[in-house]
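Colleague:
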Amino acid sequence: RLDRDGVGEGWRASEPGLQYVLHDDVLGQRYLNASWGPRFARAFGQLALGPIRSDFLRLAYIAEHGGFYADADVCPMGNATLAQLRDLGAPLVIVASQFNGELLNAFFGAVPRHPDLQPLAWAALHHIEAGGREYKNLE
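With the numbering used here applied, the sequence shown corresponds to residues 31 to 169, in that order.
#1: Hey, is the segment 85–93 in contact with the segment 109–121, meaning 3+ C-beta pairs nearer than 8 Å?
#2: Have a look at residue 113 and residue 45 and give me their C-alpha separation to the nearest angstrom.
#3: Run through the DSSP bridge pairs and tell me what residue 140 is partnered with.
#4: Measuring only the C-alpha atoms, how far is residue 58 from residue 87?
#5: Compare the beta carbon distance of residue 137 and residue 100 with 7 Å and say whether it is the shorter of the two.
#6: I'd like the list of long-range same chain contacts for residue 124, defined as Cβ closer than 6 Å, with 5 residues on each side in sequence excluded.
And the structure:
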(Lines of atoms letter the chains of each structure in order from A and count residues from 1; the text may use other names and numbers.)
(Lines give C-alpha, C1' and ligand atoms only; values in the text may rest on other atoms or scores of the structure.)
Protein backbone atom coordinates (compact mmCIF):
# COMPACT_ATOMS: atom_id res chain seq x y z
CA ARG A 1 0.00 0.00 0.00
CA LEU A 2 1.10 3.50 -0.78
CA ASP A 3 -0.37 5.26 2.22
CA ARG A 4 -3.30 5.63 4.57
CA ASP A 5 -6.83 5.13 3.23
CA GLY A 6 -7.76 7.87 0.80
CA VAL A 7 -4.51 9.77 1.06
CA GLY A 8 -2.78 9.66 -2.29
CA GLU A 9 -5.92 8.92 -4.26
CA GLY A 10 -5.89 12.49 -5.59
CA TRP A 11 -2.35 12.00 -6.89
CA ARG A 12 -3.26 8.73 -8.58
CA ALA A 13 -6.31 10.33 -10.21
CA SER A 14 -4.55 13.51 -11.37
CA GLU A 15 -1.22 11.93 -12.36
CA PRO A 16 -1.80 8.73 -14.37
CA GLY A 17 1.42 6.81 -14.79
CA LEU A 18 3.07 8.53 -11.83
CA GLN A 19 5.90 6.42 -10.40
CA TYR A 20 6.26 6.23 -6.63
CA VAL A 21 9.40 5.47 -4.66
CA LEU A 22 8.84 4.44 -1.06
CA HIS A 23 11.44 3.73 1.60
CA ASP A 24 11.08 2.41 5.11
CA ASP A 25 13.95 2.87 7.57
CA VAL A 26 15.78 -0.27 6.40
CA LEU A 27 15.48 0.53 2.69
CA GLY A 28 16.36 4.16 3.36
CA GLN A 29 19.54 3.23 5.16
CA ARG A 30 20.49 0.76 2.41
CA TYR A 31 19.86 3.39 -0.26
CA LEU A 32 21.97 5.99 1.55
CA ASN A 33 24.82 3.53 2.08
CA ALA A 34 24.82 2.43 -1.57
CA SER A 35 24.35 5.87 -3.14
CA TRP A 36 25.91 8.34 -0.69
CA GLY A 37 28.18 6.14 1.42
CA PRO A 38 28.43 4.86 4.97
CA ARG A 39 28.60 8.32 6.55
CA PHE A 40 25.12 9.14 5.23
CA ALA A 41 23.75 5.74 6.29
CA ARG A 42 25.26 6.11 9.77
CA ALA A 43 23.89 9.65 10.13
CA PHE A 44 20.43 8.45 9.09
CA GLY A 45 20.57 5.79 11.79
CA GLN A 46 21.58 8.36 14.41
CA LEU A 47 18.44 10.45 13.92
CA ALA A 48 15.90 9.61 16.61
CA LEU A 49 12.86 11.25 15.07
CA GLY A 50 11.21 9.58 12.08
CA PRO A 51 10.17 12.86 10.43
CA ILE A 52 13.75 14.14 10.58
CA ARG A 53 15.04 10.85 9.11
CA SER A 54 12.48 11.30 6.33
CA ASP A 55 13.63 14.88 5.69
CA PHE A 56 17.25 13.73 5.40
CA LEU A 57 16.43 10.77 3.14
CA ARG A 58 14.17 12.74 0.81
CA LEU A 59 16.75 15.49 0.41
CA ALA A 60 19.44 12.97 -0.53
CA TYR A 61 17.15 11.02 -2.86
CA ILE A 62 15.84 14.05 -4.77
CA ALA A 63 19.35 15.55 -4.87
CA GLU A 64 20.57 12.42 -6.65
CA HIS A 65 17.62 11.26 -8.73
CA GLY A 66 15.49 14.37 -9.15
CA GLY A 67 11.73 14.24 -9.26
CA PHE A 68 9.07 15.59 -6.96
CA TYR A 69 8.35 14.97 -3.30
CA ALA A 70 4.99 15.57 -1.64
CA ASP A 71 3.96 14.81 1.94
CA ALA A 72 1.12 12.28 2.13
CA ASP A 73 -1.31 15.01 3.17
CA VAL A 74 -0.38 17.39 0.33
CA CYS A 75 -3.06 17.37 -2.35
CA PRO A 76 -2.46 17.79 -6.06
CA MET A 77 -2.94 21.30 -7.37
CA GLY A 78 -6.05 21.84 -9.42
CA ASN A 79 -4.33 24.16 -11.86
CA ALA A 80 -1.17 22.20 -12.69
CA THR A 81 0.01 18.60 -12.81
CA LEU A 82 3.48 17.36 -11.97
CA ALA A 83 3.98 16.60 -15.65
CA GLN A 84 3.12 20.22 -16.48
CA LEU A 85 5.50 21.49 -13.80
CA ARG A 86 8.25 19.22 -15.14
CA ASP A 87 7.59 20.33 -18.71
CA LEU A 88 8.06 23.99 -17.73
CA GLY A 89 11.74 23.12 -17.47
CA ALA A 90 12.34 24.71 -14.08
CA PRO A 91 15.36 22.94 -12.58
CA LEU A 92 14.10 23.53 -9.02
CA VAL A 93 10.53 23.86 -7.72
CA ILE A 94 10.13 25.09 -4.15
CA VAL A 95 7.22 26.49 -2.18
CA ALA A 96 7.34 29.18 0.48
CA SER A 97 4.98 29.32 3.45
CA GLN A 98 2.24 31.87 3.03
CA PHE A 99 2.57 32.70 6.73
CA ASN A 100 6.27 33.39 7.27
CA GLY A 101 7.94 32.95 3.89
CA GLU A 102 10.06 29.98 5.02
CA LEU A 103 10.70 27.28 2.44
CA LEU A 104 8.54 24.21 2.91
CA ASN A 105 9.83 20.69 2.43
CA ALA A 106 6.30 19.24 2.21
CA PHE A 107 6.46 19.68 -1.57
CA PHE A 108 9.45 20.29 -3.81
CA GLY A 109 11.01 19.07 -7.00
CA ALA A 110 14.32 19.22 -8.81
CA VAL A 111 16.23 17.87 -11.73
CA PRO A 112 18.74 15.09 -10.94
CA ARG A 113 21.91 16.35 -9.27
CA HIS A 114 20.64 19.90 -8.98
CA PRO A 115 23.65 22.04 -7.98
CA ASP A 116 21.83 23.58 -5.00
CA LEU A 117 20.52 20.33 -3.51
CA GLN A 118 23.84 18.46 -3.57
CA PRO A 119 25.49 20.88 -1.10
CA LEU A 120 22.34 20.88 1.05
CA ALA A 121 22.56 17.11 1.44
CA TRP A 122 26.20 17.41 2.51
CA ALA A 123 25.38 20.29 4.87
CA ALA A 124 22.66 18.16 6.47
CA LEU A 125 25.17 15.33 6.92
CA HIS A 126 27.70 17.65 8.59
CA HIS A 127 24.98 19.04 10.84
CA ILE A 128 23.95 15.56 11.98
CA GLU A 129 27.56 14.49 12.51
CA ALA A 130 28.16 17.63 14.59
CA GLY A 131 25.41 16.60 16.95
CA GLY A 132 22.41 18.13 15.25
CA ARG A 133 21.62 20.39 18.17
CA GLU A 134 18.57 21.87 16.45
CA TYR A 135 17.25 18.37 15.72
CA LYS A 136 17.70 17.29 19.33
CA ASN A 137 15.68 20.30 20.46
CA LEU A 138 12.70 18.93 18.52
CA GLU A 139 12.47 15.82 20.70
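Here a beta-carbon is modelled for each residue, glycine too, at the ideal position from N, C-alpha and C.
Note that the structure is a prediction, hence the values are computed from the model and not measured.
Modeller: Quick look at the numbers:
#1: In short, these stretches do not touch, since the Cβ pair count stays below three.
#2: If you take the alpha carbons of residue 113 and residue 45, they lie about 8 Å apart.
#3: Answer is 97, 122.
#4: For the pair residue 58 and residue 87, the Cα-to-Cα distance works out to about 7 Å.
#5: With contacts defined as CB atoms closer than 7 Å, residue 137 and residue 100 qualify as a contacting pair.
#6: If we look at residue 124 and ignore the five residues flanking it on each side, its Cβ neighbours are 133, 138.
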